[in-house]
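Quick note on the UniProt record's numbering: the sequence shown kicks off at 1 and runs consecutively. Each residue gets a CB set at the ideal place from its N, CA and C atoms; glycine is no exception. Since we're looking at a predicted model, the values are computed, not measured. A short worksheet on the structure shown next.
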Amino acid sequence: MVEQALEEINRGTAEIIDMERIEKLVSKYYEDGTTYTVKAGFDPTGADLHLGHTVLLQKLRAFQKHGGRVQLLIGDFTAMIGDPTGKSETRKVLDRTTILENAQTYQDQVFNILDESKTDVVFNSTWLEALGAAGMVSLTTTFNVARMLERDDFEKRYKSGKSISISEFIYPLLQGYDSVELQSDIEIGGTDQKFNLLMGRFLQRAYEIDKEQAVLMMPILEGLDGVQKMSKSLNNYIGITEEPKEIYAKTLSISDELMWRYYELLSEKPLAEIAKMKEEVEKGVLHPKKAKENLALELVTRFYNEELATLAKEEFDNVFKANQLPSDMNEVEVEEGIWICKALVDAGIEPSTSQARRDIKQGAVRIDQEKISDEKLNLQSGEYILQVGKRKFAKVKVGA
């Protein structure tokens with residue numbers, strides 16, 4: 001059983017520091033039921049979670065299955081500073097009201113994946129505010145500037161003459177101090193967080209709490225474009241609270257190559273089953289679209305249920321295979337003589353008139369299922385079905 005547990009914990013990982021400690025903790029759990037703690041920090045800088053976040057959440061769930069008690073750390077204090085990881089300039093400071101609203105949204109969403117009975121939700125403002133000026137100064141003496149500048153993003157900014165605030169130097173110290181306060185056994189994070197994660201080990205030694213956390217790093221999930229990190233700001237994401245039909249359709253839009261990456265990091269299917277499926281696709285026994293459909297169904301079922309997943313598939317098949325219109329679409333009323341590009345924006349299926357013009361030029365816009373090419377078109381009185389690409393529809397009523 002221990003071997004099986006360790007195989008599941010290892011799955012998809014990019015790097016593990018002190019695997020021996022993880023093995024001992026898991027073995028101890030199966031020997032006598034002793035649990036251990038696994039920390040993961042989330043700064044609530046955005047309102048919603050997407051599939052990129054769930055890579056870590058699913059790994060936490062795997063630990064919960066094998067004796068781990070999750071310390072879900074909401075960085076309400078550190079979010080006010082902003083994690084400098086991967087940033088080429090100082091981040092904007094968020095106000096506390098926004099941070100707390102985002103934190104509540106995170107809590108509402110994470111238990112779609114995590115076992116709430118095996119999760120402790122903690123806020124680092126609890127101890128970091130109590131640390132006070134003297135404690136903060138004491139914390140800064142544990143690490144020197146030269147070591148801090150070894151960090152890749154700091155080094156690049158320093159050499160290029162870009163600003164680095166003192167608060168950004170303090171950020172990794174605060175994240176590391178969270179591990180001191182929580183006395184975490186293991187901490188997990190993305191590969192981009194390595195410096196911060198190792199700071200936890202360093203500070204646990206410095207504060208002599210009689211343990212050093214193991215560190216497990218997960219790879220960064222690429223977005224729908226297959227290149228950039230999944231991000232809401234890049235609009236290449238799949239949000240876990242999006243409508244079932246959106247999750248389903250977006251999953252089917254990924255490339256065949258990226259599909260296997262998503263299977264490894266997001267699916268709960270055994271690796272042997274995924275490997276067999278991949279082999280069948282390569283041999284032509286299984287169509288890649290069928291494999292993608294299975295993944296889409298699994299994801300929608302996880303965040304909603306099997307019935308809604310089936311309905312999402314039927315809707316998709318009706319629209320794309322049978323060339324039917326979706327059963328529900330946004331409906332808007334606009335004035336007569338409206339410019340087509342503005343109508344597309346008002347209907348919520350284009351982000352801007354400039355993007356609408358580009359899509360018309362590229363043949364991606366249809367009115368009543370007929371492709372249009374006139375970007376200067378004005379819509380007269382009547383009802384129209386506007387469509388952009390294969391997934392965006394809206395019913396527009398043009399008034400007299």
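Going by DSSP in three states, glutamate 75 sits in which element: helix, strand or coil?
Residue identity check: residue 75 is glycine in the sequence provided, not glutamate. Coil.
Rounded to the nearest angstrom, what separates glutamate 268 and glutamate 375 at their Cα positions?
Cα-Cα distance, rounded: 46 Å.
Put residue 405 into one of helix, strand or coil per three-state DSSP.
The question about residue 405 has no answer, for the chain in this structure spans 1 to 400.
Quick check on DSSP: helix, strand or coil for glutamine 362?
Reduced to three states, the DSSP call for glutamine 362 is coil.
Please list, in chain order, all residues of the same chain as valine 365 whose beta carbon is under 6 Å from its beta carbon, the five residues on each side excluded.
Asp359, Ile372, Val388.
With H, G and I counted as helix, E and B as strand and the rest as coil, what does DSSP make of phenylalanine 42?
Of the three classes helix, strand and coil, the one that applies to phenylalanine 42 here is strand, per DSSP.
Would you mind sorting tyrosine 166 into buried or exposed? The rule is 16 or more other CB atoms within 10 Å of its CB.
According to the sequence provided, residue 166 is isoleucine. The question's tyrosine does not apply to it. Label assigned to isoleucine 166: exposed.
For tryptophan 260, which beta-bridge partners are listed by DSSP?
The partner list for tryptophan 260 (beta bridge, DSSP) is empty, contrary to what the question assumes.
Ignore the nearest five residues each way along the sequence and tell me which others in lysine 290's own chain have a CB closer than 8 Å to its CB.
Excluding positions up to five away in sequence, the list is empty.
Assign glutamate 89 to buried or exposed, taking buried as 16 or more other Cβ atoms, counted over all protein chains shown, within 10 Å of its Cβ.
For glutamate 89, the predicted structure reports a pLDDT of 49, less than 50, and the residue's modelled location is therefore unreliable. The matter cannot be settled from this model.
CA-CA distance, leucine 173 and aspartate 185?
Their backbone Cα atoms lie some 18 Å apart in a straight line.
Under a three-way DSSP split, which group does glutamate 242 fall into?
Three-state result, glutamate 242: coil.
Which whole-angstrom value is the C-beta distance of glutamine 183 and isoleucine 209, which I expect to be below 8 Å?
Right, the Cβ-Cβ distance comes to about 6 Å (below 8 Å), so this counts as a contact.
Measure from the alpha carbon of asparagine 112 to the alpha carbon of each residue in Leu295, Val396, Thr241, Ile385, then state which is nearest.
It is Thr241 whose Cα lies nearest to the Cα of asparagine 112.
With burial defined as no fewer than 16 other Cβ atoms inside 10 Å of the residue's Cβ, what is the status of alanine 275: buried or exposed?
Alanine 275 should be labelled exposed.
Give me the residue from Ala356, Ser117, Asp76, Lys118 with the minimum Cα distance to threonine 98.
Taking only the C-alpha atoms, the option nearest threonine 98 is Asp76.
Could you say which of His287, Ile367, Arg391, Leu252 lies nearest to valine 319 if we only look at CA atoms?
Considering only alpha carbons, the answer is Arg391.
Going by beta carbon distance, what residues of the same chain come within less than 7 Å of glutamate 335, once the five residues before and after it are set aside?
Closer than 7 Å at Cβ, skipping near neighbours: Gly399.
Which parts of the region 169-253 are runs of the alpha helix (DSSP H), unbroken and 4 residues or longer, counting only runs that do not cross its ends?
Runs of the alpha helix (DSSP H) inside the region 169-253: 194-206, 244-252.
Could you give the distance in angstroms between the alpha-carbon of methionine 199 and the alpha-carbon of isoleucine 74?
Rounded to whole angstroms, methionine 199 to isoleucine 74 spans 18 Å at the Cα level.
Nearest CA to the CA of leucine 216: which residue from Leu224, Met230, Arg201, Glu222?
Looking at the Cα atoms, Arg201 is the closest of the given residues.
Return helix, strand or coil for tyrosine 64, following the three-state DSSP convention.
Residue 64 is actually glutamine in this sequence, not tyrosine. Reduced to three states, the DSSP call for glutamine 64 is helix.
Does glutamate 270 pass the burial test, meaning 16 or more other C-beta atoms within 10 Å, or should it be called exposed?
Note that residue 270 is proline in the sequence shown, not glutamate. Proline 270 is exposed by the Cβ-count criterion.
Tell me whether lysine 395 sits in a helix, a strand or coil according to DSSP, three-state version.
DSSP places lysine 395 in strand when its eight states are reduced to three.
Considering Cα atoms alone, identify which of Gln362, Ile385, Ser381 is closest to glutamate 370.
The candidate whose alpha carbon is nearest that of glutamate 370 is Ile385.
Does the structure place the region 55-67 close enough to the region 107-122 that three or more beta carbon pairs sit under 8 Å?
The region 107-122 is in contact with the region 55-67.
If you count every other CB in all the chains shown that lies within 10 Å of the CB of proline 362, and 16 or more means buried, which is it?
In the sequence as displayed, the identity of residue 362 is glutamine instead of proline. Counting Cβ neighbours within 10 Å, glutamine 362 comes out exposed, since fewer than 16 surround it.
Check for me: the beta strand (DSSP E) holding glutamate 335 runs from which residue to which?
Neither: glutamate 335 is in no beta strand (DSSP E) and is coded neither H nor E.
So is tyrosine 30 buried or exposed if we call it buried at 16+ other beta carbons inside 10 Å?
By the 10 Å Cβ count, tyrosine 30 comes out exposed.
Taking just the CA atoms, how far does glutamate 168 sit from isoleucine 81?
So the two alpha carbons sit approximately 7 Å from each other.
Buried or exposed, going by whether 16 or more other CB atoms sit within 10 Å of the CB of glycine 86?
In this prediction, glycine 86 scores a pLDDT of 48, lower than 50, which makes its location untrustworthy; the coordinate-derived value is nonetheless stated afterwards. With fewer than 16 other Cβ atoms within 10 Å, it is exposed.
Quickly, what does DSSP pair arginine 69 with across the bridge? List them, please.
Paired residue(s): Thr37.
Can you tell me where the alpha helix (DSSP H) holding glutamine 109 begins and where it ends?
96-110 is the span of the alpha helix (DSSP H), which, as asked, contains glutamine 109.
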